[in-house]
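Here the structure is laid out as structure tokens; the discussion comes afterwards.
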Amino acid sequence: MKQRVVIAIALACSPQVLIADEPTTALDVTIQAQVLEMMKNLREKYHTSMLMITHDLGIVAEICDAVSVIYAGRIVEHGSLEDIFENTKHPYTEGLFNSLPNLEDRKAKLKPIKGLMPDPSNLPSGCPFHPRCDYAMDICSKEMPGKIFRNDVHYVACHLYNENNIKEGKVINR
Ligand code: SF4
């Protein structure tokens, strides 16, 4: 109830943007669903943009229109909800989805991303994800990948999508 009151207070003055950082943490799924529904209704009522910060892909699917996937403080993939969920490109995004339980195949094993998050004050060279990436190539530890656009809004920061690697078929097909 306190969480609902805080969200209602934040929206009552019709802000142009509301930043919601893990707004449903520590709530059980029933209350979480109610709070998300309330946020959606208030957002529409007050015409407020909302920046949702969460590690919960279920919440993202429920409430977001556009998604930025962040690793080590950097956006590694950005796109519409559909781009990210149906046309995943970055190995880290793929790893996040592979870490979720598969409700259709109860015998399927979870596939966690290997290794640990790096120390933010001592990031690996090149692509900071390279020590954990199943697709890492020589260039990955040497050069930080730039943005590569897949459509007008969907971009990925990954050497896999350099023209040469696309020609060689080193891309994720999900
Ligand atoms: S740039 Fe290389 S290490 Fe980084 S995510 Fe892409 S393939 Fe993996």
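As numbered in the working numbering, the sequence shown has no gaps in its residue numbers, which increase by one up to the final residue, 174.
Note that beta-carbon positions come from the ideal geometry of N, C-alpha and C, so glycine has one too.
Would you report the Cα separation of R132 and A8, rounded to the nearest angstrom?
41 Å
Three-state secondary structure (DSSP) of Y135:
coil
Span of the alpha helix (DSSP H) around E44:
29-46
Could you check the C-alpha separation between L160 and A136 for me, to the nearest Å?
9 Å
Using only Cβ atoms and a threshold of 5 Å, which residues come within that distance of a heavy atom of ligand 1? Order them by chain position.
P91, C127, F129, H130, C133, Y135, A136, C140, P145, C158, H159, L160
Buried versus exposed, by CB contacts within 10 Å (16 or more), Q32
buried
Return yes when the Cβ of D134 is within less than 8 Å of the Cβ of P91, no when it is not.
yes
If I'm right that M200 touches I59 with Cβ under 8 Å, what's the distance once you round it to whole angstroms?
Nothing in the structure corresponds to residue 200, since the chain is present only between 1 and 174.
For R43, which residues of its own chain have a beta-carbon under 6 Å away from its beta-carbon, when the five flanking residues on both sides are left out?
M50
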